[in-house]
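Here the sequence shown is numbered in my numbering, starting from 760 and rising by one per residue. For glycine and all other residues, C-beta sits at the position ideal for the given N, C-alpha and C. Values in this document were obtained by computation on a predicted structure and should not be read as measured data. Here's the structure, in structure tokens; my notes come after.
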Amino acid sequence: MPFINRNGPMPYRLTVKTIVKPDPRKISNTLEMDPEEPIQPGFKRVLTSLGRLEDTLKQLEVNSRSSDTEVWHKPREGGKKVYCRVRCNVITVGEIDTVKQEFEAEIYLSLRWKEEHFKGKTREDIDWNECWDPRVYFFNAVNIDKLECKHNIVPNDDDSVDGIPDAQLSIRMKATFKTAMQLHSFPYDHQKLTIKLMSDWPLDVVEFVKDMSIKDSIRIDTFTGHHEWTLHKHVLAHAVEEDRAKTGSHRQYPIYHISTHVQRQSMYYLWNIALVIFLILGLSFTSFSVEASAPADRLSVTVTLLLTAVAFKFVVSSNLPTISYLTLLDKYVLWSLVFQCLMVVQNAVAVVFYKHDMSDIFDYICMGGLGGFVLIGNAAFIIAGIVKNSSAKDKLDKLTRQYLDLCDDINQRWQTRQQRKRDRDIAKENQSQMPASEKPSQPNPSPTPATKKNQVAPTSDENGIEVKKMADPAIFTSETETSADMHMA
């Protein structure tokens, strides 16, 4: 109800609501002011204090609330070391920021490992929150825009003995990654774009290896930075040993790097910076057309061109991060500034020789010396650019050939496994169609030692690993292939 003063109306009107259950969080809502009436400063302070009290109570409630999203990662049963086979598909390489040393990418990852208790089960039968997880994260990701994780069970079709299936974790993500860029050869540089995986489990629990059952891939057609970079068609994926001296950790953790390379297209910087600097250097020789008796006119030309070259130095710096070394283009621009300073000194000293009637000879000598200085400097810049560009191209082409050779090897292994599977299916089908009288007798459930010797023959592969082969050489255990894959990786 409104309060009325005997001497006249109050300058404001206060309405009080009745609250059945007092709640400190609703105190500020119990006071309503008429928007048409002015608010006194003292009442403003009261409302501000009530608002702060409400925020404090909310924060206390959040801090005291038990977390329902907390996940407890169970250790591995049996204590056996898990080998996670990693496969990567680089879907898109987005913007590459040289200044921030970041790049955008969208990738698909597949991690597979053996799970014995998944045998005979389907994906719907598994509570994935209760299962062991490799606890993978990307420790050089600065911003994750999209992240999708899915679990699946991949049956073991290559082996009819143990039949241990694979647990598969599929990750599709789009993120911005931080990477250290080497810019010594800028603008003829190439950059290694690396995505770094790491597990929270130590190295004695889990280890990342390359999945040799299917090749890694990268899509070139979705690359959006083709106007500035050339993306090479290869993916380098390998495990990296952690350096304890750098990390300071008392335990080693598995690290896996997925890298691709881009090479900068240098023509933009050659046409817009290097060529303009070269023209400025050529225009500096126009100061010799001014008589030595007018040093102010000479200096006005050379100093103006010097300031123009300094402005280009800032243009180059805006395209580079704050680095402690000089790039190739930085050296060229600084060399041009040194030349401009020599021209300014020559214009100032020419007055002294003019007084002794030797200005013409001095100008000819300086013109020839500075002209040779310009030619030698530009030739060195061009030759250095050609050598660095050719060297980078040869290096990246070599990596691409190695990647393609590895893909051919993986494809051949895959075709071999598929052929073995088809042969087994044909053998089973033929056996099922045979009459009962022609079917071979079943082996004795308790074979003799001689029979066991014929069925299982331990051998050693080229790496010295004991491998068990069945009597049929076309049938291998899945663990045999997994061990060979890990050593090849």
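Inset, instruction - Could you say if the region 844-863 and the region 960-974 meet the contact criterion of at least three C-beta pairs nearer than 8 Å? - result: yes
Inset, instruction - Would you kindly report the start and end of the unbroken beta strand (DSSP E) that includes C890? - result: Neither: C890 is in no beta strand (DSSP E) and is coded neither H nor E.
Legend entry - Spatial distance of W891 from Q860 (CA atoms): 36 Å
Inset, instruction - On a CA-only basis, which of I1017, L1163 and F1037 is nearest T953? Give me that one, please. - result: I1017
Legend entry - Contacts around V1021, its chain only, beta-carbon distance under 6 Å, and the 5 residues preceding and following it disregarded: Excluding sequence neighbours, V1021 sits near Q950, W988 and L990.
Inset, instruction - Could you work out which residue in R1003, P914, I930 and D1168 is closest to I923 when comparing CA atoms only? - result: The shortest Cα separation from I923 among R1003, P914, I930 and D1168 belongs to P914.
Legend entry - Cutoff 8 Å; reference I979; Cβ partners in own chain excluding five residues on either side: L990 and K992
Inset, instruction - May I ask which residues mark the beginning and end of the beta strand (DSSP E) holding Y842? - result: V841 to D856
Legend entry - Residues near K1211 in its chain [Cβ-Cβ closer than 6 Å; skip 5 each side]: At K1211 the pLDDT is 39, less than 50, meaning the model places this residue with poor confidence and gives no usable figure here.
Inset, instruction - Could you name the residues of the same chain whose beta carbon sits closer than 7 Å to that of V1075, not counting the 5 residues immediately before and after it, in chain order? - result: Within the same chain, V1075 has close Cβ partners I1032, L1088, D1089 and V1092.
Legend entry - Distance, Y1027 Cα to S1048 Cα: 33 Å
Inset, instruction - List the whole-angstrom C-beta distance separating C1148 from S972, where the pair is believed to meet the contact cut-off of C-beta under 8 Å. - result: It is worth fixing the name first, because residue 1148 is Asn in this sequence and not Cys. 38 Å between Cβ atoms; not a contact.
Legend entry - First and last residue of the uninterrupted beta strand (DSSP E) at T989: W988 to L990
Inset, instruction - Return yes when the Cβ of K937 is within less than 8 Å of the Cβ of V901, no when it is not. - result: yes
Legend entry - Local conformation of A926 per DSSP, three classes: strand
Legend entry - Those runs of the alpha helix (DSSP H) which lie wholly inside the region 1014-1087 and span at least 4 residues: 1034-1043 and 1054-1077
Inset, instruction - With a threshold of 7 Å, establish whether the CB of L952 neighbours any heavy atom of the ligand FMN. - result: As presented, the structure is devoid of all ligands, the ligand FMN included, so that no description of it is given.
Legend entry - Cβ neighbour criterion (16 or more within 10 Å) applied to F898: exposed
Legend entry - Cβ-based neighbour list, V1069, same chain, cut-off 8 Å, excluding 5 preceding and 5 following: L1096
Inset, instruction - Could you round the C-beta distance between K840 and V964 to whole angstroms and report it? I think they count as a contact, below 8 Å. - result: 6 Å
Legend entry - Check whether V1062 and V1035 have beta carbons under 8 Å apart: no
Legend entry - Residues near V858 by beta carbon distance below 6 Å, same chain, minus five either side: Answer for V858: P1080, listed in chain order.
Inset, instruction - Locate the beta strand (DSSP E) running through R871, then write down its first and last residues. - result: E861 to K873
Inset, instruction - Please name the residue or residues paired with A1107 in a DSSP beta bridge. - result: In the DSSP output, where bridge partners are listed per residue, A1107 has none listed.
Inset, instruction - Using beta-carbon positions only, say whether Y1012 and M940 come within less than 8 Å of one another. - result: no
Legend entry - 8 Å contact criterion, which Q927 and R835 should meet: CB distance rounded: Their Cβ separation, rounded to whole angstroms, is 17 Å, which puts Q927 and R835 out of contact at 8 Å.
Legend entry - Range covered by the alpha helix (DSSP H) that runs through E1188: S1118 to Q1192
Inset, instruction - With Q941 as the anchor, note down where its beta strand (DSSP E) starts and where it stops. - result: No beta strand (DSSP E) contains Q941, which DSSP labels as neither H nor E.
Legend entry - When F1121, F862, T1067 and S1083 are compared against V849, the one with the closest alpha-carbon: F862
Inset, instruction - Output the distance between the C-alpha atoms of S787 and E813, rounded to the nearest integer angstrom. - result: Reliability of the predicted coordinates at S787 is poor, the pLDDT of 44 falling under 50, and the value obtained from them is presented with this limitation in mind. S787 and E813 have their C-alpha atoms roughly 8 Å apart.
Legend entry - Which listed residue (K1114, N1106 and F1140) has its alpha carbon closest to that of I1124: Looking only at K1114, N1106 and F1140, the smallest Cα-Cα distance to I1124 is reached by N1106.
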